[in-house]
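Engineer: Just dropping this structure here.
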Amino acid sequence: MSRRLRTCLFLAAAVVLAAFYAAACTGLPHFAGLVHPYGTRAVAAAFRQRTANVISSINFDQRAFDTLGEESILFAAVLGAIVLLRRARDEREAAPAPGRVMPSTRLFGTVMLPITLLTGFYIVAHGQLSPGGGFQGGVILATGLHLAYIAADYRALERIRPLASLDVADALAAGAFAALGFVGIAKGAAYLQNVLPLGTFGQLSSGGLVPVINAAVGVEVGSGIVVLIAHFIDQAVEIESPSTQDGQRPDDASGADGGNR
Amino acid sequence: MPTQDLLPLAVAVPLLGAVLLVVAGRRLPRVAIDGLVTALAAADVADLALLWARTGDGRSVAWLGGWRPVHGEGVGIVMVGDRIGIGLALLTAVLILAVVGYSWRYFEQPPTEHPGTFPALILVFEAGMCGFALTGDLFNAFVFFELMGAVAYALTGFRIEDPRPLQGALTFGIVNSLAAYASLLGIGLLYARTGELGFAQIGQHLAHHRVDALLVAAFVLVLTGPLVKAAVAPFHFWLPDAHAVAPTPVCMLLSGVMVELGIYGIARIYWTVFSGPHGIPMACFRDTFVAFGALTAVVGAVMCWQQRHLKRMLAFSTVGHVGLFLIGVALVTPEGVAGTALYVAGHAGVKAALFAVTGVLLDRHGSVDEYGLYGRGRELRLGGVLFTVGGLALAGLPPFGTGLGKAVLEHAALSRFPWLLVVFVGVSALTAGAVLRAAARVFAGAGPRPRERYAGPETTGGGEEPEIRDPSRAVPPPMLAVPAVLLLGALAVGVLPGIGRQLALAARLFTDRAGYVAALYGPAPAPSGASPATGWTAEGVSLGLLSTLLALVVAALAVWGPAVPSGAVHRARETLSATGRRVVLPLRRLHSGHIGDYVSWLAVGLAVLLVVTAAQV
Amino acid sequence: MSVFPYLVAGWILLIGLYGMVRSRDAIHTIGCLAVAQSSTYVLLLAVGYRRGGTSPYFSDTPKSTTVVDPVVQALALTDVVVGATVTALLLALAIQLRKRHGTIDPDSLTGLKG
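Residue numbers (my numbering), protein chains in the order written: chain A, 59 to 319; chain B, 2 to 618; chain C, 214 to 327.
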């Protein structure tokens, strides 16, 4: 189809979609209404499980099976990136050149790196109490590590990033989540049932299985995202495809500036 | 172990297995990895077989995390297994086991620094498909839908040295993810209305509301994901692009079960969520999706006949058959569901076997082009026999499972839509005819050498990367043993009367919405009404023979037609191909490989569905 | 205008779709897919908003505080992770396609057709 025809076809369909969607919205409950039956039940259930952060209670206890599936998607994406962003048969690896960094950037990175990592740990550890948790903290940990790339260069990042153990850590943490489900079965209860001692509401140790799964998720997200990003950076920095070697290839969409660093 | 624990185990076992492969894979030799993954796949088959046996003619219900509802209200996720869901999960597990066996020693599995990654992905794929088949919660279904999607994108693009798999995987990923997000939007609408996420719970609450635009929009949006996964026209464009280029073992899984899970999703969601009082009326669902199914079947069959790229041909044949499956579930009768279940089981074995033999050709000759391979399959005698038998089974030759499923569906459709007989017979004959045509040319070198006469849009299938780079070695025995076993399995589905009987009972249970709801809260009463007949009848056998005969005739005409010197035959051929060009060429042009086109068609499909549904409620 | 937040979600979906239809670059298409996905966040969070509600955690507020619906927030969180990982996979495919094909303009990707 020509570009014009395709657009016209889409716009015609979009008008119908918009009309139906708008009509559907008039049937929704009024915005900001007070009636949320499932939400109310979830809050009550979180109190019973002595988990102060209701969202963590839902993610790691009430609907933990969703999160198991979701963590498996992350696990699969990391495996997928390992497969898809591998070095092809006709490509070779080149040592990245050391980069030149402004002193202010270096200072910023040196100061912020430990602070960011600490923040990440805090957010993971307090997932059952306050906003945050394994995902959010894990992402902060993973991105914080990459301050080394900004403040120094790729070789500095490689020194503080034990890639081989991180992808094992990612797998083990994903496995730990699935395996923790068996604690319930071992105690004669259901899969993923929260059978650990629940502790005192509002304390760091409260919530039973929630902080344990939360920690596993934190490890998985943290290490998984580092591995994921590592494969993307490798494409820009380390891997040279034949067309680049010939100088035939115009600048790469994956980040040509990385190649200069 | 209590029966209900077997449900989450079907997901947890392959996930833990994948982790084990990733962690231990680096330290193990290839043989040990192959052995390990086979054992893990077999463990999941055992789990699901046990579940099948213990569930019997009832339902197994597992409240995950022990969150049983109190006074009918709960916060947890429920998994519900009846023999249709468990059977589909079991079919998945069996096919995974077959694929794992097929991949023994087959293709070096890069990346070499991370051995075990490929089988680990296969196991995560299994976890996603089993989770989708067994869940009883709409949001959870979305998560597993995305899990199987994400793995499938990565597996499809596995051969990164060739641009075509990458393009196919990218198209596949974008279209399917978009559809999943549309589904999630629909889930959001349903949550806003009912405050529930479980299939049955949403269905119960919908009964308290009137039928309005919100219900119609939610219905269409929620079904978008399964419709795209099932490759129902006009949501089907991604399928040939992805299935034609994925590695052979992955193709076996994609065409064998993943697409059929889309059909399952449509049927399950309709029956449990929307079929109740103040839902989408059965007549509306039936008429709409019978029409979409027929369109899909015809488009798939016509496009299948046009292909010379063998994998693309098989992919379009899957589109054709999926159209028939959709008609089956859209009949909204237990007989339709039972027939579809039999047909899906038989089709999985046959289609996977055909892909497996194509994989051998690709391995030997680095090509999947019907023209380029002319006569080159002669030395591969067993492969030729298997491919031909697969083609005949695809046509619905009794007593294959495909034939039985087709016969039951034809009988189910006959009373209300007699014209569907033509669709069933025609589509199975044409898709099988294409396969038999290719079999005759490739494995027997029959007829004159096909000539390049066509100048329109085409994917030839020549110059493919062989998946193994050692053409001098003998064909590894599993690569031919596995398709043979798969065909025997398809035969068993049609021959063993027990399977049909059990699926008939299961279909009665599947279509019993009240029983599904009741089963969540306690023992459900047995469904009323007789279970459908799923045995062979004279009518079914003769229709199966008819479509097989037609398939043989069209294949023979295509192969030997050009060699017949008669002027009349020649003239008839010329007129036929001239009309064919006028109808078929525009259809082929629509399959442009352009992602923007596919997104447009998705929007058009949604708009049509919205209008058609709204007009009928 | 009690439906306005819901309508915003629909608008975001359509504008994302429009971008995908008009796209001349696969990376842009993937970006537009992410835009289309954001509609689900907006709808879920809009559905869960409760008048005067604060965020649903109780470590320093009394248990009687009015909070917004926590379920949709959990769903949105799951959705975010799913979206991010799928986007990463799609971008990986786009990078490789760019290397092998020399272009990721959908108009020039003609390897699969008919």
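The beta carbon of each residue, even a glycine, is placed where N, CA and C say it ideally should be.
Output the distance between the C-alpha atoms of Arg417/B and Leu171/B, rounded to the nearest integer angstrom.
Structural biologist: Looking at the two C-alpha atoms, the distance is approximately 41 Å.
Engineer: Going along the chain, which residues of its own chain have a beta-carbon closer than 8 Å to the beta-carbon of Val23/B, five neighbours each way excluded?
Structural biologist: Excluding sequence neighbours, Val23/B sits near His115, Gly117, Thr118, Ala121.
Engineer: Assuming Val618/B and Pro282/B form a contact by the criterion Cβ under 8 Å, report the distance between their Cβ atoms to the nearest whole angstrom.
Structural biologist: About 6 Å separates the two Cβ atoms, so the contact holds.
Engineer: If you scan the region 360 to 441 of chain B from start to end, which runs of the alpha helix (DSSP H) of 4 or more residues do you find wholly inside it?
Structural biologist: Runs found: 382 to 395, 402 to 415.
Engineer: Let's test the definition: count the other Cβ atoms within 10 Å of the Cβ of His204/A and tell me whether it reaches 16, buried, or not, exposed.
Structural biologist: Flag for His204/A reads buried.
Engineer: Hey, does Val9/B have any beta-carbon neighbour from chain A nearer than 8 Å?
Structural biologist: According to the sequence displayed, residue 9/B carries Pro and not Val. Yes, because at least one Cβ of chain A sits closer than 8 Å to the Cβ of Pro9/B.
Engineer: Compute the distance between the beta-carbons of Ala63/B and Ala134/A, then report whether it is under 8 Å.
Structural biologist: Contact flag unset, no.
Engineer: Just the chain A side, please: which residues come within less than 8 Å of Pro248/B by C-beta, in chain order?
Structural biologist: The contacting residues do not exist; Pro248/B stays about 11 Å from chain A at best.
Engineer: In whole angstroms, what separates the C-alpha of Ala208/B from that of Trp272/B?
Structural biologist: Each residue's Cα considered, the two are about 13 Å apart.
Engineer: Between Thr258/A, Ala72/A, Ala229/A, which has its C-alpha nearest Ala274/A's C-alpha?
Structural biologist: The shortest C-alpha separation from Ala274/A is found at Ala229/A.
Engineer: For a contact defined as C-beta to C-beta under 7 Å, what are the partners of Ser252/C on chain B?
Structural biologist: In chain order: Leu186.
Engineer: Can you give me the start and stop residues for the alpha helix (DSSP H) that Val300/B sits inside?
Structural biologist: That run of the alpha helix (DSSP H) goes 283 to 307.
Engineer: On a Cα-Cα basis, can you pick out the residue from Gly67/B, Ile270/B, His237/B that is closest to Gly239/A?
Structural biologist: Ranking the options by Cα distance to Gly239/A, first place goes to Gly67/B.
Engineer: Please report how far the alpha carbon of Leu16/B lies from the alpha carbon of Val159/A, in whole angstroms.
Structural biologist: Approximately 43 Å, taken between the alpha carbons.
Engineer: With Gly457/B and Leu586/B assumed to form a contact (beta carbons below 8 Å), what rounded beta-carbon distance in angstroms separates them?
Structural biologist: With 8 Å as the limit, Gly457/B and Leu586/B qualify as a contact, their Cβ atoms being about 5 Å apart.
Engineer: Buried or exposed for Glu127/B, please, with buried defined as at least 16 other CB atoms from any protein chain shown within 10 angstroms of its CB.
Structural biologist: Counting Cβ neighbours within 10 Å, Glu127/B comes out buried, since at least 16 surround it.
Engineer: As a quick exercise: from Arg313/C, Asp273/C, Gly327/C, Asp320/C, pick the residue whose alpha carbon is nearest that of Asn298/A.
Structural biologist: Checking the sequence shown, residue 298/A turns out to be Glu, not Asn. Ranking Arg313/C, Asp273/C, Gly327/C, Asp320/C by Cα distance to Glu298/A puts Arg313/C first.
Engineer: Taking the continuous alpha helix (DSSP H) assigned at Ala519/B, which residues delimit it?
Structural biologist: Taken as a continuous stretch (DSSP letters only), the alpha helix (DSSP H) holding Ala519/B covers 514 to 522.
Engineer: List the residues that DSSP assigns as beta-bridge partners of Thr267/C.
Structural biologist: In the DSSP output, where bridge partners are listed per residue, Thr267/C has Val280/C.
Engineer: Pull out every residue of the region 122 to 147 of chain B whose Cβ sits closer than 9 Å to any Cβ of chain C, in chain order.
Structural biologist: Those residues of the region 122 to 147 of chain B that come within reach of chain C (Cβ to Cβ, closer than 9 Å) are Phe140, Phe143, Val144, Glu147.
Engineer: So, under 8 Å CB-CB, Asn252/A and Val277/A are touching, yes? Tell me the CB distance rounded to an integer number of Å.
Structural biologist: Actually they are not in contact, since the Cβ atoms of Asn252/A and Val277/A sit about 20 Å apart, beyond 8 Å.
Engineer: With C-beta atoms as the reference, is Leu504/B less than 8 Å away from Arg60/B?
Structural biologist: Not closer than 8 Å, so no.
Engineer: When you compare each of Thr201/A, Thr84/A, Gly178/A to Gly191/A by their alpha carbons, which one comes out closest?
Structural biologist: Of the candidates Thr201/A, Thr84/A, Gly178/A, the one whose C-alpha sits nearest the C-alpha of Gly191/A is Gly178/A.
Engineer: Does the beta-carbon of Lys320/A have 16 or more other beta-carbons within 10 angstroms, so that it is buried, or is it exposed?
Structural biologist: Absent from the structure is residue 320/A, since the part of chain A shown begins at 59 and ends at 319.
Engineer: How would you write the range of the beta strand (DSSP E) that Met80/B sits in, first residue to last?
Structural biologist: Per DSSP, Met80/B belongs to the beta strand (DSSP E) from 79 to 82.
Engineer: Counting pairs of Cβ atoms below 8 Å between the region 362 to 370 of chain B and the region 524 to 533 of chain B, do you hit three or more?
Structural biologist: No contact exists between the region 362 to 370 of chain B and the region 524 to 533 of chain B.
Engineer: On the DSSP letters alone, give me the boundaries of the beta strand (DSSP E) that Ala63/B sits inside.
Structural biologist: It spans 61 to 64 - the beta strand (DSSP E) in which Ala63/B sits, taken as one unbroken run.
Engineer: Is Asp124/A close to chain C, meaning its C-beta is less than 8 Å from at least one C-beta of that chain?
Structural biologist: Taking Cβ atoms only, chain C reaches closer than 8 Å to Asp124/A, which makes this a yes.
Engineer: Any residues in the region 47 to 78 of chain B with a beta carbon nearer than 8 Å to a beta carbon of chain A? Which ones, in chain order?
Structural biologist: Residues passing the 8 Å Cβ filter: Ala63, Trp64, Leu65, Gly66, Gly67, Trp68, Glu74, Gly75, Val76, Gly77, Ile78.
Engineer: Can you confirm whether the region 103 to 110 of chain A touches the region 254 to 261 of chain A when touching is taken to mean that 3 or more C-beta pairs between the two stretches lie within less than 8 Å?
Structural biologist: Flag = yes, the region 254 to 261 of chain A and the region 103 to 110 of chain A touch.
Engineer: Could you tell me how far apart the beta carbons of Val281/C and Gly266/C are, in whole angstroms, since I believe they sit closer than 8 Å?
Structural biologist: Sure, about 4 Å apart at Cβ, within 8 Å.
Engineer: Suppose you measure from the CA of Phe78/A to the CA of Asp58/B; what does that come to, to the nearest Å?
Structural biologist: Phe78/A and Asp58/B: Cα-Cα distance of roughly 41 Å.
Engineer: Quick check on Arg108/A - is its C-beta less than 8 Å from some C-beta in chain F?
Structural biologist: Protein chains in the displayed structure are A, B and C, and chain F is not among them.
Engineer: Which residue from Gly384/B, Gly337/B, Asn177/B, Val76/B puts its Cα closest to that of Leu481/B?
Structural biologist: Comparing Cα-Cα distances from Leu481/B to each of Gly384/B, Gly337/B, Asn177/B, Val76/B, the minimum goes to Gly384/B.
Engineer: Given Leu381/B, which residues of its chain have a CB within under 8 Å of its CB, disregarding the five upstream and five downstream residues?
Structural biologist: Excluding positions up to five away in sequence, the list reads Val361, Leu362, Arg365, Phe444, Val476.
Engineer: Please report the straight-line C-alpha distance between Glu296/A and Gly296/C, rounded to a whole angstrom.
Structural biologist: In a straight line, the C-alpha of Glu296/A is about 27 Å away from that of Gly296/C.
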